[in-house]
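Remarks on the structure that follows.
Protein chains: 2
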Amino acid sequence: MRVLVVEDERILADTIAEGLRRHSLAVDVAYDGDAALERLGVNEYDVLILDRDLPTIHGDEVCRSVVESRSGTRVLMLTAAVQVSDRVSGLALGADDYLPKPFAFAELVARVRALGRRSRTASPPILERAGIRLDPNRREVQRDGHFVRLSRKEFAVLEELLRAEGAVVTSEQLLERAWDEHIDPFTNVVRVTLMTLRRKLGPPPVIETVHGVGYRIP
Amino acid sequence: MRVLVVEDERILADTIAEGLRRHSLAVDVAYDGDAALERLGVNEYDVLILDRDLPTIHGDEVCRSVVESRSGTRVLMLTAAVQVSDRVSGLALGADDYLPKPFAFAELVARVRALGRRSRTASPPILERAGIRLDPNRREVQRDGHFVRLSRKEFAVLEELLRAEGAVVTSEQLLERAWDEHIDPFTNVVRVTLMTLRRKLGPPPVIETVHGVGYRIP
DNA sequence: GTTTTCGCTTACGGATTCCTTACGGATCAC
DNA sequence: GTGATCCGTAAGGAATCCGTAAGCGAAAAC
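Chains as they are written, first to last, in my numbering: chain A, 1 to 218; chain B, 1001 to 1218.
Structure, rendered in structure tokens:
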């Protein structure tokens, strides 16, 4: 899942980003409203984590623009203010959720995941398919009842394949959804990651290769 | 995804085209406004990369014509000018995005991708006809209930024939839609691909030859 | 502080696909 | 009928795609 964090306090922004990455999310960061709009124009995000008080362009503006674009990106508003009025006006702008600072990190992760779920067809919190069971919140995977230990990237790739619900996912889509924008587009990490993933999942094979197109879990 | 690059500096145009092809996009090139309009009349593109200063017909004209045609083609304007006024007027003409020269190639790719996503028509339903069932998302084909494994080209050709809904599709049309313009127009790949396709689909025959015209699935 | 894991790159062999060439049979116009 | 064109098929080499091994620096785990 692809997330954009917009927050002008750099240390906080980077901390959030790093934390989310540990949960196998692909995270980009912007430190002001301008940069945020630019990133949103170039990439497609499932969730936008948005501070309200931003330089150059106010968070409310960014939010309005995202909502109007009907891109399917969900907005999670952060704000220092504790007042209910803020919450109300934030939601009025079309934000999908609201989290007052300070917040517990686990809370943030849970909400991001919940929003990410909504951005697709309302899928259950646990993904299950072809003998694979994946719990995004606990970051756990089982194959035929046995727990399998996956790295961040392996987990992210498997999650995307499961979310596709049998549809073919191209390598490029995997790159876009499981890696952030700094990745070299000519890389073959996808191939390598798929190999280790398949090895860890063990026989019989679950991930199918569609030659010249991509991969899928039937 | 299908892209048309319109740029009068040939070296730049060819460089862009080649780079995009490396990213698995089907790319055509036009070197002036006239040629651009001609290509646009003949083929359907997801994204049009358009230089503003063009011989014969100005880029603004081309842009306006594309927008008015409501073809669903997204326009990415290139321009040497750095002035904001240009950006404004470009977007006023209906361009969907704007990139000032010089630009980083990765940036171009990213934006083309973003536009292509927007152009994509809603996820295609399953195509069914004459005992053939084709699911574009899962990349699966069934003949009378039996799964058939097809290569990329075979799949593309079959998809075009099914989309025609019984109408005759000429070899030229197949070449244009399932291949990009690189292909030698005198080739007989279509014939060859049709042969392997028919063989894989097995008897009784489903793809009919209309002598001197093309092919169809009645 | 040492060991292990992770994420990634490079390299290469094997599998698959794609396309060209070549040729014989089918179809059409006259 | 017969010549011209169109179509189907075989075969093989080139190009592409994919899986895997090996190795390396950085981060994490111990």
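The beta carbon of each residue, even a glycine, is placed where N, CA and C say it ideally should be.
Verify the CB distance criterion: does residue i have a CB-CB separation below 8 Å to chain A?
| i | result |
| --- | --- |
| A1156/B | no |
| D1008/B | no |
| V1148/B | no |
| V1112/B | no |
| D1097/B | yes |
| R1152/B | yes |
| V1109/B | yes |
| V1088/B | Residue placement at V1088/B is poorly supported in this model, since its pLDDT is 48, which falls under 50; the coordinates are not used for a value here. |
Name the chain B residues whose beta carbon is nearer than 7 Å to that of residue i?
| i | result |
| --- | --- |
| A167/A | N1137, R1138 |
Quick check: is the beta carbon of residue i nearer than 8 Å to any beta carbon in chain B?
| i | result |
| --- | --- |
| V42/A | yes |
Around the C-beta of residue i, are 16 or more other C-beta atoms found within 10 angstroms, so that it is buried, or is it exposed?
| i | result |
| --- | --- |
| T1187/B | exposed |
| M1195/B | exposed |
| E1165/B | exposed |
| D96/A | buried |
| I16/A | buried |
| P136/A | buried |
| D1028/B | buried |
| R1010/B | exposed |
| S24/A | buried |
| F155/A | buried |
| R216/A | buried |
| V1042/B | exposed |
Assuming residue i and residue j are in contact, meaning their beta carbons sit under 8 Å apart, how far apart are those beta carbons, in whole angstroms?
| i | j | result |
| --- | --- | --- |
| M1077/B | Y1098/B | 5 Å |
| R143/A | G131/A | 6 Å |
| V3/A | A26/A | 7 Å |
| E1160/B | L1174/B | 6 Å |
### Query
What residues from the stretch 185-218 of chain A come within 9 Å of chain B, judged by C-beta to C-beta, listed N to C?
Residues of the stretch 185-218 of chain A whose Cβ lies closer than 9 Å to any Cβ of chain B, in chain order: P185, F186, V210, H211, G212, V213, G214, R216, P218.
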